[in-house]
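Those letters in the sequence shown? Residues 231 to 488, by my numbering.
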Amino acid sequence: MTAAGALAGRGIVVTRPAHQAGSLAGMIRAAGGHAIIFPALEILDPADPQPLLDAIDQLDTYDLAIFISPNAVTRAMSRIIGRRSWPAGLRAAAIGKGGVRELERYGIREVIAPQRAFDSERLLEMPQLQAVSGQRVLILRGDGGRELLGDTLAARGAQVNYVACYRRARPQADAAPLLQAWACDAVHAVIVTSSEGLRNLFVMLGKPGEPLLQRTPLLVPHPRIAVVARELGCREVVETAPGDDGLIEALLRQSTAK
């Protein structure tokens, strides 16, 4: 079977936020599969936007701005371009390829970013983030999250400021159609790209959906998500390479093996 039809007859649940699901869903359809879009995260503006606006007004005082996710780029940059220009001397860094692409859409080039595994650990290994003593670093992210990046840079002598440019919420969605698809044997895999999204998915599906999710192949692009999945009782957890390409490659391998 060719790649164009490799996923024929297979239903794949995509749990990314609605505005980020289109590309992956399109790749699934191009391979002949049925993309079932069921967002397990919703991205909203921060409850208090003032700290972000203050940081934007002070961008000239920073040496480096780190964007934790593509959502951080789109939410922050939409505010920045409506308020000022990007300072010529301000370097930008991103965790992964999605963030780099979004920054390039706004005209920001030469972005510091890891080339393979996409997480804080890999970014911290970049040469540009080693000698940061005395530098001011702005970390743009969602509300909450890991402190490893900022703590490590602070230990290296940087002055670090975290600013939330969005917040995550659990969508209010009707899970009945998805549960019905499971009942009709129309769900063959689930893609989850964040630990928080996975926990939300369990809550959204409720008790009837819990055993269904636990026995369905779950594709995740990072070991941390895999750990959470196994803790929640998921029995077939597939760790994929990063990005949409990695997820699709894993789906194709899985379909061939069935």
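Ideal placement from N, C-alpha and C gives every residue a C-beta, glycine not left out. This one's a predicted model, so the numbers in the text were calculated from it and none came from an experiment.
Should residue 396 and residue 372 be called a contact, given that it needs their Cβ atoms to be closer than 8 angstroms?
It is a contact, given that the beta carbons lie within the stated cut-off.
Note down the Cα distance separating residue 239 from residue 316, rounded to an integer number of angstroms.
Taking the straight line from one Cα to the other gives about 47 angstroms.
So is residue 474 buried or exposed if we call it buried at 16+ other beta carbons inside 10 Å?
When all chains shown are included, residue 474 counts as buried.
How long is the line joining the alpha carbons of residue 486 and residue 447, rounded to whole angstroms?
Whole-angstrom Cα-Cα distance: 14 angstroms.
Determine whether the beta carbon atoms of residue 261 and residue 237 lie at a separation below 8 angstroms.
Cβ atoms of residue 261 and residue 237: closer than 8 angstroms.
On the premise that residue 286 lies in contact with residue 313, defined as a C-beta separation below 8 angstroms, what is that separation, rounded to the nearest angstrom?
Right, the Cβ-Cβ distance comes to about 5 angstroms (below 8 angstroms), so this counts as a contact.
On the three-state DSSP scale, how would you describe residue 241?
It is a strand residue.
Using the C-alpha atoms, what's the distance from residue 320 back to residue 451?
Each residue's alpha carbon lies about 30 angstroms from the other.
Taking the alpha carbon of residue 445 as the reference point, which residue from 412, 263, 326, 400 has its own alpha carbon closest?
That would be 412, whose Cα lies nearest to the Cα of residue 445.
From the DSSP output, in three-state form, read off residue 479 for me.
In the structure shown, residue 479 sits in a helix (DSSP, three-state: H, G or I).
Within 10 Å of its beta-carbon, does residue 466 have 16 or more other beta-carbons around it, so buried, or fewer, so exposed?
So residue 466 counts as exposed.
Below 7 angstroms, is the gap between the Cβ of residue 238 and the nearest heavy atom of the ligand PLP?
The ligand PLP is not part of this structure, which contains no ligands at all.
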